[in-house]
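Here the sequence shown is numbered in UniProt numbering, starting from 1 and rising by one per residue. Every residue gets a Cβ at the ideal spot worked out from N, C-alpha and C, and that includes glycine.
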Amino acid sequence: MPDSSNRSPAARAPRGIQSVEVGGRLLQALLRAGGALPLKALAEQAGMSAAKAHPYLVSFGKLGLIEQDEASGHYGLGPLALQLGLVAQQRLDPVRLAGEALPALAAQIGHTVAIAVWGTQGPTIVRIELPPTAIHVAMRPGTVLSLAGTASGQLFAAHRPAAELRPLLKAERPKIDAAELEQRLGRVRAQGLGISVDALVPGVSAMAAPVFGPDGALLLALTAIGPSSIFDVAARGAVARHLQAAAAHVAARLGRAAA
């Protein structure tokens with residue numbers, strides 16, 4: 001009996017239908033374009049000739065995956081593609097998807113990691129993962145975070161409407177000057193990260209990366225927290241890179257196109 005253990009990874013890979021994969025490049029090209037394209041441009045984006053692309057487009061049109069505008073002749077995504085997207089979107093749970101990323105993220109950065117969402121009282125921790133190390137900072141689900149004094153809070157404050165933030169900021173202790181807060185939030189928007197160092201608890205630092213939905217709304221924050229003595233708070237440091245990579249992965253699974 002032949003020994004299959006020595007086969008190459010390519011040989012062991014499931015067999016697909018090449019023509020489907022080739023045609024799928026046209027759908028991927030339309031997604032990247034974000035709108036309808038003429039035949040020649042669409043074919044070029046998919047890496048094929050117009051003559052090769054056209055039969056695929058005809059078949060996709062019969063299925064409703066693609067439709068052709070009668071006036072311009074341009075090709076765009078059809079009703080079936082839109083329906084599939086809506087069904088997939090309805091089944092996606094941002095917290096569940098982000099939660100799946102937490103164990104690997106905690107192991108990578110060596111610190112406690114958590115998910116924060118916007119709740120009725122402000123940014124709220126809903127999921128926590130401890131690192132496989134003896135030294136870590138503990139948090140509890142349900143903790144409501146300071147808008148001005150925490151990494152996740154600043155991240156949400158930088159992306160929520162001012163009218164929504166105003167009553168919560170009034171209740172914050174200690175108070176913070178409005179101009180100083182806006183300066184902090186400006187840095188958060190510029191860096192794409194919320195960072196706090198010894199802000200509320202001496203010796204504890206944190207960093208938060210945003211997960212945006214397809215419409216650009218902030219869905220949740222992936223947060224890392226640890227002892228300041230060993231926590232890398234650099235905006236381009238190792239913790240930041242791992243947080244942002246995990247956030248981008250979750251956002252992509254939710255349907256957000258890469259920046």
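With 16 other Cβ atoms within 10 Å as the buried cut-off, status of residue i
{"i": "residue 120", "result": "exposed"}
{"i": "residue 197", "result": "exposed"}
{"i": "residue 232", "result": "buried"}
{"i": "residue 158", "result": "buried"}
{"i": "residue 2", "result": "With a pLDDT of only 46 at residue 2, under the threshold of 50, the placement of this residue in the model should not be trusted; the figure read from the coordinates follows. Residue 2 is exposed by the Cβ-count criterion."}
{"i": "residue 8", "result": "Confidence at residue 8 is low in this model, with a pLDDT of 46, below 50, so the placement of that residue is unreliable and no value is reported for it."}
{"i": "residue 225", "result": "buried"}
{"i": "residue 125", "result": "buried"}
{"i": "residue 49", "result": "exposed"}
{"i": "residue 146", "result": "buried"}
{"i": "residue 21", "result": "exposed"}
{"i": "residue 216", "result": "exposed"}
{"i": "residue 164", "result": "exposed"}
{"i": "residue 195", "result": "buried"}
C-alpha gap between residue i and residue j, whole angstroms
{"i": "residue 192", "j": "residue 210", "result": "7 Å"}
{"i": "residue 138", "j": "residue 116", "result": "15 Å"}
{"i": "residue 4", "j": "residue 14", "result": "Interpretation of residue 4 is limited by its pLDDT of 45, a score under 50 that renders its predicted location unreliable; no figure is taken from the coordinates."}
{"i": "residue 58", "j": "residue 78", "result": "12 Å"}
{"i": "residue 236", "j": "residue 207", "result": "12 Å"}
{"i": "residue 250", "j": "residue 94", "result": "8 Å"}
{"i": "residue 131", "j": "residue 256", "result": "28 Å"}
{"i": "residue 111", "j": "residue 189", "result": "24 Å"}
{"i": "residue 63", "j": "residue 56", "result": "11 Å"}
{"i": "residue 19", "j": "residue 133", "result": "49 Å"}
{"i": "residue 168", "j": "residue 141", "result": "20 Å"}
{"i": "residue 240", "j": "residue 28", "result": "30 Å"}
{"i": "residue 69", "j": "residue 76", "result": "8 Å"}
{"i": "residue 227", "j": "residue 202", "result": "9 Å"}
{"i": "residue 82", "j": "residue 185", "result": "36 Å"}
{"i": "residue 100", "j": "residue 242", "result": "15 Å"}
{"i": "residue 51", "j": "residue 252", "result": "32 Å"}
{"i": "residue 16", "j": "residue 171", "result": "59 Å"}
{"i": "residue 40", "j": "residue 30", "result": "13 Å"}
{"i": "residue 10", "j": "residue 46", "result": "Confidence in residue 10 is poor, its pLDDT being 45 and thus under 50, which makes the residue's placement unreliable; the coordinate value appears in the next sentence. Whole-angstrom Cα-Cα distance: 24 Å."}
{"i": "residue 67", "j": "residue 24", "result": "15 Å"}
{"i": "residue 218", "j": "residue 60", "result": "34 Å"}
Supposed close pair residue i, residue j - CB separation, criterion 8 Å
{"i": "residue 113", "j": "residue 222", "result": "7 Å"}
{"i": "residue 288", "j": "residue 152", "result": "Because the chain spans 1 through 259 in this model, residue 288 falls outside it and cannot be assessed."}
{"i": "residue 265", "j": "residue 43", "result": "Because the chain spans 1 through 259 in this model, residue 265 falls outside it and cannot be assessed."}
{"i": "residue 98", "j": "residue 200", "result": "With a Cβ gap of about 23 Å, residue 98 and residue 200 do not count as contacting."}
{"i": "residue 109", "j": "residue 238", "result": "7 Å"}
{"i": "residue 37", "j": "residue 74", "result": "6 Å"}
{"i": "residue 160", "j": "residue 118", "result": "7 Å"}
{"i": "residue 254", "j": "residue 213", "result": "6 Å"}
{"i": "residue 176", "j": "residue 148", "result": "5 Å"}
Three-way DSSP call (helix, strand, coil) for residue i in this model
{"i": "residue 138", "result": "coil"}
{"i": "residue 173", "result": "coil"}
{"i": "residue 23", "result": "helix"}
{"i": "residue 197", "result": "strand"}
{"i": "residue 109", "result": "helix"}
{"i": "residue 127", "result": "strand"}
{"i": "residue 254", "result": "coil"}
{"i": "residue 18", "result": "helix"}
{"i": "residue 217", "result": "coil"}
{"i": "residue 147", "result": "coil"}
{"i": "residue 68", "result": "strand"}
{"i": "residue 234", "result": "coil"}
Distance cut-off 8 Å: residue i Cβ against heavy atoms of the ligand ATP
{"i": "residue 198", "result": "Here there are no bound small molecules, and the ligand ATP is not part of this structure."}
Can you find at least 3 beta carbon pairs, one from the segment 243-253 and one from the segment 96-106, that sit closer than 8 Å? yes
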